[in-house]
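Here the sequence shown is numbered in our numbering, starting from 630 and rising by one per residue.
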Amino acid sequence: GDDTTYYFDDIELVEGASKERPQLPLGFENSDTEDYTWGVFGGVDPAEVIANPDTNGNTSANVTAITKNAGAEVWAGASLNLNGAIDWSAGTTVKMDVWSPRAGTPILLKLEDSSTNSGSGAETFAQVSVSTTQANMWETLYFDMTGAEGGFATTTIYDAVVIFPDFGTNGGGETFYFDNIEVTADGGGGGNDAPTTAAPTPTENSADVISFFSDAYNDVTVDTWRTDWSSATFEDVMVDMNATKKYSDLDFVGIETVANQVNASSMTNLRMDIWTPNATLFGVKLVDFGEDGGFGGGDDVEHQVNIENPANNEWVSLDIPLTDFVGLTKTSNIAQMILVGQPTGTTTVYIDNIYFYDSGNGGGGGNDAPTTAAPDPTQAEADVISIFSDSYTDTAVDTYRTDWSSGTLETTDINGNNVLKYVGLSFAGIETVASQVDASEMTHVHLDVWTADATQFRVKVVDFGADGGFGGGDDTEHEIAYDNPTQGSWISYDIPLSDFTGLVNKSNLAQYILSAAPANQATIYIDNIYLYK
């Protein structure tokens, strides 16, 4: 509009500078030259590089934020393709800085060979789950790939990183932050080998407690925290300014109160807090020496309760009714507490707040536990594939509590019948991955359930498909929910497999996921899990 003439020449379209895919270590600081585009799935949106919202504990300028939206799938996550295979010359552990809104949140790290991914997850992968120990602050988690699910080899081409925040739980609209993902020397310098925060502070009234060890109470006299016949190394350590017992190289260890035997006859529960980086089983045996007060006097009684696959790298509060120690028929002369760990001889466990207490339910647990066994099944064994039942021969089960499960599991005895007890349940995985179940001729799934507090109970069955692998593209699954199950009595569920409408294949059943509400609070007793026709 100003009568000015402009001249242009040699106008051409040129290719801009291309970005390369990144490689470990991932610090997310080179967005001008590296492509940090995350793929999202299952209800995660967005997953993107943003300015670090919390530089206290991590001074990086940029981090990856992954938001798991409300209602997102339990397996929702984000994936990032790399510029070639990960280099394992520095070790076989991946460390990653994580900011989580909650402690005790499982973070599943999965490494994939992208060439084997047909769109529903790679056939070649290695994955490890580690739980956070902090809330609303940065911490470093270490993922030891040598024991990864799916198998691990340094010669495999892992060229994709997949992160599943809060794996195993539906999304709640929370955002998780990740940074500084890199390979490090094996063991990670002790990153997750020890707790960094103290165990939860007990809340029981001191008048209702007999304490063996706790800063919150006055302790009884303990003769020794490691008898000379033990197989373990013992240390008194401090964790976040809190006195804690540490046992390493644990097979079994004896704790004794022989000189001052404990009368727990008015108590209802045994409680202790444990933290372990590697235990696959933790057992507690109580021994009562009887009225004569001597070992082997003919009136000794004892019983051991096993906690299978306790959550690793977080404090787990064990709250065990004394009625679960079914062989412990008297509790007036408690003289020994024996702790057991697996893997045998290599387990490390930190322990705090060991005490008996009276829950106020009259010494027998009130209505907190069943007093009668579940009904005996009536199906003919020839028509049954049993997952767990004293009435049948069970098929091979890998685990009744996967390491990505919530809460604790113990196998207990109810009126002479073995029962699975899940405490603090949100979800628990039972797996038959190694020996998958062909239920193509079965018509129903049966299980007996007893709960005093669950407001919802859910059953999910997962078939891994003909390839036999998780996420291979042919997996099918379906979950059925039961609202407000009857409390305080056994419920026998006989569920037609046709009700699992999403379970279109039934020849490779590999997972059976049990869930309950209120999340992380429900206690469920389960018996007689089987398929039948």
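In this text, a Cβ means the ideal position worked out from N, Cα and C, and glycines have one as well.
Asked                                                                                                  : Found
8 Å Cβ cutoff met for residue 1076 and residue 1145                                                    : no
Distance, residue 714 Cα to residue 746 Cα                                                             : 15 Å
Of the residues 740, 739, 800 and 637, the one placed nearest residue 705, counting alpha carbons only : 800
Residues near residue 687 in its chain [Cβ-Cβ closer than 7 Å; skip 5 each side]                       : 681, 726, 767 and 808
Length-filtered (3 minimum) beta strand (DSSP E) runs lying within the region 797-883                  : 803-813, 838-842 and 860-868
Euclidean distance between Cα positions of residue 1118 and residue 999                                : 7 Å
Residue 651 - containing beta strand (DSSP E), residue span                                            : No beta strand (DSSP E) contains residue 651, which DSSP labels as neither H nor E.
Residues bridged to residue 746 (per DSSP)                                                             : 751
Exposure of residue 1098, with buried meaning 16 or more beta-carbon neighbours within 10 Å            : buried
Boundaries (first-last residue) of the beta strand (DSSP E) holding residue 772                        : 766-773
Residue nearest to residue 1162 in terms of C-alpha spacing, selected from 1156, 970, 1070 and 1081    : 1070
Under 8 Å between C-beta atoms of residue 685 and residue 788                                          : no
Straight-line Cα distance separating residue 909 from residue 1163                                     : As displayed, the chain neither begins before 630 nor continues past 1162, which places residue 1163 out of reach and without an answer.
Residue 952 in three-state terms, based on DSSP                                                        : helix
Nearest to residue 886 (by Cα), restricted to the options 895, 878 and 922                             : 922
Cβ-Cβ separation, residue 953 to residue 1041 (assumed contact under 8 Å), whole Å                     : 5 Å
Closest by C-alpha distance to residue 973, when choosing among 659, 848, 677 and 911                  : 911
Of the listed residues 870, 792 and 1084, nearest to residue 677 (C-alpha basis)                       : 792
Given residue 811 as reference, the closest of 770, 848 and 1037 once Cα atoms are compared            : 770
8 Å Cβ cutoff met for residue 657 and residue 692                                                      : yes
The region 654-673 contacting the region 729-744, beta-carbon criterion three pairs below 8 Å          : no
Pair within 8 Å by beta-carbon distance, residue 1093 and residue 1101                                 : yes
Residue 820 to residue 1013 span [Cα, whole Å]                                                         : The pLDDT assigned to residue 820 is 45, lower than 50, so where the model puts this residue is not dependable; a value taken from the coordinates is nonetheless given after this. Cα to Cα, the separation comes out at about 47 Å.
Residue range of the beta strand (DSSP E) that includes residue 675                                    : 673-680
Where residue 1116 falls, given that 16 or more other Cβ within 10 Å makes a residue buried            : exposed
Straight-line Cα distance separating residue 655 from residue 717                                      : 15 Å
Which listed residue (959, 1110, 1134 and 738) has its alpha carbon closest to that of residue 1124    : 1110
Given 8 Å, three or more beta-carbon pairs between the region 1022-1041 and the region 1049-1065       : yes
Helix, strand or coil at residue 1042 [DSSP, three-state]                                              : strand
Cutoff 6 Å; reference residue 904; Cβ partners in own chain excluding five residues on either side     : 824, 944 and 979
Contact belief for residue 1025 with residue 1064 at Cβ below 8 Å, rounded distance in angstroms       : 4 Å
Backbone secondary structure at residue 638 - three-state DSSP                                         : coil
Straight-line Cα distance separating residue 1081 from residue 914                                     : 25 Å
Stretch pair the region 928-938 + the region 949-966: three plus CB contacts closer than 8 Å           : yes
Range covered by the beta strand (DSSP E) that runs through residue 900                                : 898-904
8 Å CB neighbourhood of residue 1149 in its chain, flanking five on each side removed                  : 1035, 1036, 1053, 1054 and 1055
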